[in-house]
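Engineer: Mind looking over this structure? Questions follow.
Put into structure tokens, the structure is as follows:
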């Protein structure tokens, strides 16, 4: 996806850069504000087309589809944890690709996806942050991302 966008816009400044974990300990008010921002976000905004705006529009549309999917299916406890792990992996990569201004939006999408999935689970039990980070870093090293 990055190569396709860079084909249209020759700006090669944005690549995968390792950032610190996006799951910092935030207050519940901050998490809720990020979720509200994600809910109110529009996929296609009227901006000058640039590499960042096109990429962000693609990321937003994928994340909105994940939220919609989380709202439509029922999860078992193990299914919820697998959904959390898969989404953490996707969000971690998206978080590293967006600009600093859009990081809170990506975090808000992650929390909205999790809250939607937890609402559709009979026994919601989420994985610990250290397990998520360790497993995701292991996956990324195996995939050389």
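Residue numbers (the numbering used here): 6 to 150.
Ideal placement from N, C-alpha and C gives every residue a C-beta, glycine not left out.
(1) Output needed for residue 131: all residues of its chain with C-beta closer than 8 angstroms, excluding positions within five of it in sequence on either side, in chain order.
(2) As an exercise, report each continuous beta strand (DSSP E) stretch of at least 3 residues that is fully enclosed by the segment 65-107, in chain order.
(3) Between which two residues does the alpha helix (DSSP H) containing residue 137 stretch?
(4) Going by beta carbon distance, what residues of the same chain come within less than 6 angstroms of residue 55, once the five residues before and after it are set aside?
Structural biologist: Answer, in terms of the structure:
(1) 85, 86, 89, 119, 123
(2) none
(3) 134-148
(4) none
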